[in-house]
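Colleague: Everything in the sequence shown is counted per this note's numbering, starting at 373 for the first residue and increasing by one.
In this text, a Cβ means the ideal position worked out from N, Cα and C, and glycines have one as well.
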Amino acid sequence: MWQLQDFLPDSTSDDFYDQIKELRTERRRVRDETGASLTSWATWTRVWSSEENRHGDLLNKQIFLSDRVDMRDTEKTIQFLIGSGMDPKTGNNPYLGSIYSSFSEGATFISLGNAARLAKQHDDLKLAQICVALLLQMRNAMKTPTAK
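1. Write down the C-beta distance between Ile435 and Val441 rounded to the nearest angstrom, noting that I regard them as a contact closer than 8 Å.
2. Using only the alpha-carbon positions, how far apart do Gly457 and Pro466 sit?
3. Does Ile482 pass the burial test, meaning 16 or more other C-beta atoms within 10 Å, or should it be called exposed?
4. Just checking, does the region 503–512 make contact with the region 472–489 on the three C-beta pairs under 8 Å criterion?
5. To the nearest angstrom, how far is the alpha carbon of Glu394 from that of Leu437?
6. Could you check whether Gln375 and Arg444 sit closer than 8 Å to each other, using their CB atoms as the reference points?
7. Between Gln391 and the rest of its own chain, which residues show a CB-CB distance below 8 Å, the 5 nearest in sequence each way excluded?
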């Protein structure tokens with residue numbers, strides 16, 4: 373079964389940067405036209421999903437560029453976990469869904485804080501900066517809206 377890494381430039385290859393340039397040139401030829409629902413729920417879902425995706429993409433690219441992890445195995449694990457699914461036992465109850473996601477966001481917040489502290493202790497200030505940027509964004513997203 374193919375994995376994402378099978379279609380990405382090989383960071384261990386001598387022509388890694390040439391592969392990136394070629395990829396960028398090819399992608400510029402492709403148009404990006406999409407339509408989307410303008411309902412409040414659809415808009416909120418897209419914004420939340422895009423931020424979660426952005427967090428994952430940033431951390432994934434950091435891991436990829438560090439060249440310390442077998443990305444093919446990492447992507448296989450991600451695919452397996454998503455494919456296996458999970459039943460948080462929320463049914464069709466939006467309140468239970470928001471409780472689950474609140475705990476999940478809180479756990480991620482704690483994990484990122486711990487990762488930032490470890491990175492700083494080991495003088496990896498860029499990784500610490502990334503974790504703090506994600507923390508700040510999550511903190512703002514976790515605030516409960518209040519009437520003014």
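Modeller: On the basis of the coordinates in this document:
1. So it is a contact: roughly 5 Å between Cβ atoms.
2. Roughly 19 Å between the two C-alpha positions.
3. It is exposed - the Cβ of Ile482 has fewer than 16 other Cβ atoms within 10 Å.
4. The region 503–512 vs the region 472–489: in contact.
5. Near 18 Å, if we compare the C-alpha coordinates of Leu437 and Glu394.
6. With contacts defined as CB atoms closer than 8 Å, Arg444 and Gln375 qualify as a contacting pair.
7. Around Gln391: Pro381, Asp382, Ser385.
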